[in-house]
Structure formats: structure tokens, C-alpha cells
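Numbering of the sequence shown is given in my numbering, commencing with residue -19 and proceeding in unit increments.
We put the CB at the ideal spot given by N, CA and C, even for glycine.
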Amino acid sequence: MRIVIADDAVLLREGLVRLLTESGHQVVAAVGDGDALVEAVVAHRPDVSIVDVRMPPSHTDEGLRAAVEARRLVPRTPILVLSQYVEVSYADDLLATTGGAGGGIGYLLKDRVAAIDEFLDALRRVAGGGTVLDPEVVGQLFARRRRDDPLRELTPREREVLALMAEGRSNTAIARALVVSDGAVEKHVRNIFTKLTLPPDTEQHRRVLAVLTYLRN
């Protein structure tokens, strides 16, 4: 894969360059601020970009805003965001850029980079157009449930399936995680789409809409 890295922490940035290069990938740009990220994405059209949420000058959400701008200028460009802490609103803002157009999106805690195989697998899934969310982000979303939760009609099992969908897992991977058949997962997914009144469209589009509904409540 051809990859752009944006992180102002030099040690982490160079560590990612070395890890990805040794894994057979090509780092076409490694930058330290949001403006440089946007320029690199427009210039190189990478297979995926790895972006830190907090970058100069204020170290708040510059990386996220640059990622959103990059996706505006290069629609569907895959982005994997790395963050030191769980910041659910940032994940929600980034996922909102998917709309119905697809394009890979990921949000992981930086600690996950240490689990190299899992990190590289997440990167491949995002590059392939999938959605990958850190399990800790998913866990915190449950704490934000409101009384008017549109997910209230879902059964406990359907909520489990939706949570695993939000982590970017395929139906087959969900079936393995829950130790059920692929057919059972497909039935749960259809029920989720129906109960959330998602419009009939491509399944990938409806999966994104289901995850967005999950994140926003």
C-alpha cells in the first residue's frame, strides 16, 4: 500500500515509517501538521493515510479537521485516525464524512499500534473501504445512551452485532466472534436495518448508516 503519515511526534512518526516499510508498504509522505497532510493526500492520492487527531498549532483537533478536508478534496480517500485518548465526538465527526459515498474510516487509540498484526489488519481494512473503531470507543458509546435511544428496539444480540459492525467486522467475522452461523448474523443484520428504518440501498451504505446511528446515541 502507498501510505501518508501525519503526526507531529517525530519518534512515533518515524517508528510508523519503519514499521510500514518493513511490512512491505511504501510511505509516500510523512508530515507533522494538518496543512501538510491535506497537500500530501491531494498530491499522492495514497491508499490510506494515518493521522493523529491533535497536531500543531493548538494540539486540539487540527488532525481531524485536516482529515475531513482531505476527504472533501479527495472523496473516499481512506483515513485511519490515531488518538491518545477516547474522544467520541471526533470519531462521530469523522464518520459523518462517509455519507453514502463509502471510503474507509478508522479510529484507533495509539496503544493499538503496539499490537502490530492487529494494527496492520485494521490498516488493510480501512484501505479496503471498511470502517474500524477501537473497542474502547465502542465501549464508551454505550455510556452515552439516551432515554430516546433509537436503538431501544434492538434485542441484546442485535446490539452485540451492531457493536461488532462498528468495529469494522464482516458478517463472517461477527459470526466467529459470537460463535453463531453466518446465516444467523445475516438475519440479525437485516433486523437491525429494518428496526432502524434504513432505506433500501447497497448493504455497505446501510452498514455505514447503522454505525452512524449507533455512534450518535
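Which of helix, strand or coil does DSSP assign to L189?
Helix at L189.
Please name the residue, chosen from Y87, D162, T193 and R105, that lies closest to R139 on a Cα-to-Cα basis.
T193
Best match in V160, V141, D162 and A155 for proximity to R187 [C-alpha to C-alpha]:
V141
Could you compute how far the alpha carbon of D41 sits from the alpha carbon of D(-12)?
Taking the straight line from one Cα to the other gives about 13 Å.
Mind checking who Y87 pairs with in its DSSP beta bridge?
Y87 has V61 and L113 as its beta-bridge partners, per DSSP.
For H24 and K90, what's the separation of their Cα atoms in angstroms?
25 Å
A95 in three-state terms, based on DSSP
Looking at A95 - three-state DSSP - the assignment turns out to be coil, as it is neither helix nor strand.
Which residues in the same chain as I30 place their Cβ atom closer than 6 Å to its Cβ, once the five residues preceding and following it in sequence are excluded?
In the same chain as I30, and ignoring 5 residues on each side of it, the C-beta atoms closer than 6 Å to its own belong to I(-15) and L60, in chain order.
Can you give the Cα-Cα distance for G80 and G(-5), rounded to whole angstroms?
Below a pLDDT of 50, predicted positions are generally treated as unreliable, and G80, at 47, falls in that range; no measurement from the model is reported.
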